[in-house]
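Undergrad: Residue numbers (numbering that gives the first Met the number 0): 0 to 118.
All C-beta atoms in this analysis are idealised placements derived from N, C-alpha and C, irrespective of residue type, glycine included.
No experiment lies behind these values; they were computed from the predicted model shown.
Take this structure first; my questions come after.
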Amino acid sequence: MTNKKAELDMFLRINKIDIAAVSETKLSPNRRFSNPGYTTVRTDRNKFGGGTLLPNNKLRHDKYCLPSLTGLEATAIYIYKTIGGSCSSQHIFRPHLPTLIPTSTSSLLSMTTSFSQVT
Numbered sequence: 000m001t002n003k004k005a006e007l008d009m010f011l012r013i014n015k016i017d018i019a020a021v022s023e024t025k026l027s028p029n030r031r032f033s034n035p036g037y038t039t040v041r042t043d044r045n046k047f048g049g050g051t052l053l054p055n056n057k058l059r060h061d062k063y064c065l066p067s068l069t070g071l072e073a074t075a076i077y078i079y080k081t082i083g084g085s086c087s088s089q090h091i092f093r094p095h096l097p098t099l100i101p102t103s104t105s106s107l108l109s110m111t112t113s114f115s116q117v118t
């Protein structure tokens, strides 16, 4: 993702993106990454993968802790709406693994009201 950073920055700015989801970031856990005007919420796998949500800093949001999942990578944020209510945004990715554990998918789908918020 670092070799495409300028292109990503321009795309986000020109298209006025509220939340971007990026798969296969290829960022190692110790590598810093940021975009002007966006918060970086990462789920690193290793230097060969991982996923990132990039919510615009104008959106009031918090990162959510998700349970450990087998066969899936997931990152989630909770977005506070300015006029009542709220919603969540999830980045879910299935790496090239031989099997997907159905309980991982079920866990994510049943979480609409059971996220545990990180402050």
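Enumerated in chain order, which unbroken segments of the beta strand (DSSP E) with a length of 3 residues or greater are wholly contained in the stretch 40 to 70?
TA: 40 to 42, 50 to 54, 59 to 64, all fully within the stretch 40 to 70.
Undergrad: Taking C-alpha atoms, which residue in GLN89, ALA5, ARG12 lies nearest to VAL40?
TA: Along the sequence shown, one-based indexing puts residue 40 at 41. Of GLN89, ALA5, ARG12, the residue nearest in Cα terms is GLN89.
Undergrad: Under the assumption that ASN55 contacts ILE18 (Cβ atoms under 8 angstroms), give the Cβ distance between them as a whole number of angstroms.
TA: Translated into positions along the sequence shown, residue 55 becomes position 56. Translated into positions along the sequence shown, residue 18 becomes position 19. The Cβ separation is near 7 angstroms, so the contact holds.
Undergrad: Under the three-state reduction of DSSP, which class applies to ILE16: helix, strand or coil?
TA: Start at 1 with the first residue of the sequence shown, and residue 16 comes out as number 17. In this structure, ILE16 counts as coil in the three-state DSSP scheme.
Undergrad: Applying the criterion that 16 or more other CB atoms from any shown protein chain within 10 Å of the CB defines a buried residue, is GLU6 buried or exposed?
TA: Position 7 of the sequence shown, counting from 1, holds the residue named residue 6. Burial call: exposed.
Undergrad: Can you grab the Cα-Cα spacing for the pair ASN34 / GLY48, in whole Å?
TA: By one-based count along the sequence shown, residue 34 stands at place 35. By one-based count along the sequence shown, residue 48 stands at place 49. If you take the alpha carbons of ASN34 and GLY48, they lie about 19 angstroms apart.
Undergrad: According to the neighbour-count rule (16 or more other Cβ atoms, all chains shown, within 10 Å of its Cβ), is THR69 buried or exposed?
TA: Against the sequence shown, residue 69 aligns to sequence position 70. When all chains shown are included, THR69 counts as exposed.
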